[in-house]
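Residue numbers (the numbering used here): 1 to 585.
Notes follow once the structure below has been shown.
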Amino acid sequence: MTLTFLLVASTLQATSISFSTYLGGSSADLGYGIDVDSQGNSFVTGWTQSTNFPTTSGSFNENFSGVRDIFVTKMNSQGSALVFSTYLGGSSAEEALAIKVDSQGNSYFSGSTKSQDFPTVSSSFDTTSNSSKKIFVTKLNNLGNSLIFSTFLGGTQNDDSYSLELSSQNEAIVSGTTVSVDFPVSSGAFDENFNSGFGDVLLTKFNPSGTALSFSTFLGGSAADNSYSLEITSDNKIIIAGSTGSSNFPTTNGIFQNSKNGLTDNFLTKFESDGTALNFSTFLGGSLAVVGGTAGFGTQAVYEIALNQSENAIGLTGVTLAVDFPTTSGSLSQMRMGSDDAFVTKMNSDGTALIFSTYFGDEFSETGYGIGFLSDESVVVTGVINFSAGSPSKQKSKISHGISDVFVSKLNALGNTMVFYDSLGGNDVEEQQIGTPSLVKNDFLFVTGNVTSVDFPTTNGAFSENYNSGTNDAFLTKYDFTNATEIETKQNLKNSFSLSQNYPNPFNPTTSINYELLITNYERSTLAIFNILGKKVKGFVLNKNKGSVVWNGTNELGEEVASGIYFYQLQNSGFSQTKKMLLLK
């Protein structure tokens, strides 16, 4: 990755990897969901096609069952050994995307299955499948050798669950997407009627024994609606987020954004604990995307949300193509840098305002899949950076490792400084998926995903230090943010530069932009001006290490440009800094 962001801080933080391990067999293995118990043991779930995936003696199922099975693995707190590991599945394909652990060490996991003979428990809510793809919700005991309950959930069409949480009474709550008109809903729920043939959001809460629904509801409008993430408050209110193409998606009064801007927008919705009413519901998104010089409607999706410890803020991350995604003044980046960027947004707990919001990306393609808050209110974000999406001359930069890496980054509590960044990967592919692939707990970060790199960074004494598969291995990595200390960033000190806000601003017809380059190779620096579509309007080659550029509101041909918002960017050897200005005629 290039060092686009590092200029916002003169220091980064040093943190450490507590452990890092492969997890898999000789075929494809992908980690989707992770949770941690009170003793620090990690629970990982996903899917595997390996007949020799590591299982433990006496676990629920030591043998591969079908086309693609779920795995549920409990790793000890040092990442050095399995506590238990089991397959779960029927004769067809299934995948688990989320897992949660209760105070007794029982694990709950959910996803989707195509197997009619998926393992269920006779007393559970639904033990038969009448569709090609159904949701499952399963509770495994704390020894990993017996199912407490296991149930199907769905109608006669396809149903998917991407997230799972537990209430204070250990009621399993799942959200996702359904195209089943007859998806089971409860009387008095917020929306008992299916809204769209393209798919509705589903939200379902089971009773603690998994034998009946506490409530179940649709949520959506006339287009496709998908929920990817779920959080629960201490008073059992439920927050879900995802993407919607529906202009008539349900919103509430007084919220941050009451109308859809893009082709698809993010949504953030908070339900009352009984599922009968909305506490708030808002859109979040931009309207305009520009890819390859072609303008179109913006698309975006929230893939993960998190509550801070005081529950007065909600963090969101995902991906956006919009060049006008809502950002806040002074945030880390207010301009989309690549064809699509991740975003990091902190919204207040009633959905009425942004605390901060920033793009997160450079000229490559970035997607955020995980987010969490540390005890000091700083934000940890994980996701995937795809280097193949950048310009050919900048692919596989000196900080990148391979085709794609998992990134791990920490932003300060104000969202204006990146204080830690790690590109986690080897010389091939590392990925995370839609699910629950990251977790912050007690200022530790736990990350899972999948890897094809034989040189993925593992730690001495980890459960599996060597790559197992010719296709994909899952991985599990633990970061320690408890004693993060600030260190000088030598590259920053050597190559730092400053870019001032233009003056006057707004302006007409001219404005001045001051800069300072504390470097020796300033002759290779440029200052470029872009319009709101991301198209370069004019460029200046800088031949001094300190100076001022005057822009008279014209393009490279000397033609006057229209009034509006413009961005100016200072660049040097992979570093850049961007600011916004306004031309008013």
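Glycine is no exception: its CB is placed at the ideal position from the N, C-alpha and C atoms.
- Note that the C-beta distance between Val101 and Thr73 is not below 8 angstroms.
- A direct Cα-Cα distance of roughly 9 angstroms separates Ile99 from Gly435.
- Taking a C-beta distance under 8 angstroms as the contact criterion, Thr477 and Val429 do not qualify as a contact pair.
- In the three-state scheme derived from DSSP, where H, G and I count as helix and E and B as strand, Phe267 is classed as strand.
- For the alpha helix (DSSP H) assignment, the region 161-208 encloses no uninterrupted run of at least 4 residues.
- Setting aside the 5 residues that flank it on each side, Tyr515 is surrounded in the same chain by Leu499, Leu570, each with a C-beta closer than 6 angstroms to its C-beta; the list follows chain order.
- For Phe407, the secondary structure class from DSSP, reduced to helix, strand or coil, is strand.
- Judged by DSSP in its simplified three-state form, Phe325 adopts coil rather than helix or strand.
- Under the three-state reduction of DSSP, Phe60 is assigned to coil, being neither helix nor strand.
- Under the three-state reduction of DSSP, Phe125 is assigned to coil, being neither helix nor strand.
- Sixteen is the threshold: since fewer than 16 other Cβ atoms of the shown chains lie within 10 Å of the Cβ of Gly558, the residue is exposed.
- In the DSSP assignment, Ser150 falls within the unbroken beta strand (DSSP E) covering 147-153.
- C-alpha of Val550 to C-alpha of Tyr566: approximately 14 angstroms in a straight line.
- By the Cβ-count criterion, Ala353 is exposed, with fewer than 16 other Cβ atoms from all chains shown falling within 10 Å of its own Cβ.
- Contact annotation: the region 100-116 does not touch the region 48-56, with fewer than three C-beta pairs closer than 8 angstroms.
- One alpha carbon belongs to Ser438, the other to Gln577, and they sit about 29 angstroms apart.
- For Ile529, the enclosing beta strand (DSSP E) covers residues 526-531.
- Under a 10 Å Cβ-count criterion, Ala322 is classified as buried, with 16 or more other Cβ atoms of the shown protein chains found around its own Cβ.
- Rounded to whole angstroms, the Cβ separation of Phe463 and Leu82 is 7 angstroms, and the two are in contact under 8 angstroms.
- A direct Cα-to-Cα measurement between Thr526 and Phe407 gives close to 28 angstroms.
- Within the region 407-495, the beta strand (DSSP E) runs of at least 3 residues that lie entirely inside it are, in chain order, 418-424, 438-441, 444-451, 473-488.
- Here Ile403 has Phe387, Ser388, Asp428, Val429 as same chain residues with Cβ atoms under 7 angstroms from its own Cβ, once five neighbours each way along the sequence are excluded.
- In this structure, Ile240 sits near Ser227, with a CB-CB distance shorter than 8 angstroms.
- Looking from the CA of Phe125, the closest CA among Leu213, Phe60, Lys205, Gln169 belongs to Leu213.
- With fewer than 16 neighbouring CB atoms inside 10 Å of its own CB, Asn543 falls in the exposed class.
- Taking 8 angstroms as the upper bound for CB-CB distance, Ser196 and Asp225 are in contact here, some 7 angstroms apart.
- Burial check for Thr151: the Cβ neighbour count within 10 Å reaches 16 or more, so the residue is buried.
- Counting along the chain, Met335 sits inside no beta strand (DSSP E), nor does DSSP assign it H or E at all.
- Going by C-alpha positions, Glu366 is about 4 angstroms away from Ile385.
- In the DSSP annotation of this structure, the continuous segment of the beta strand (DSSP E) that includes Gln300 starts and ends at 300-307.
- Of the candidates Gly286, Glu171, Pro506, Asp69, Pro506 places its Cα closest to the Cα of Met581.
- Judged by their CB atoms, Ser163 and Ile135 are not nearer to each other than the 8 angstroms cut-off.
- If the five residues before and after Gln39 are omitted, its C-beta is found closer than 8 angstroms to the C-beta atoms of Ser77, all from its own chain and listed in chain order.
- Residue pairing by DSSP places Phe136 opposite Gly111, Phe152 in a beta bridge.
- With a 10 Å radius around the Cβ and a threshold of 16 neighbouring Cβ atoms, Asp265 comes out buried.
- Burial state of Gln501 is exposed, judged by a 10 Å Cβ sphere holding fewer than 16 other Cβ atoms.
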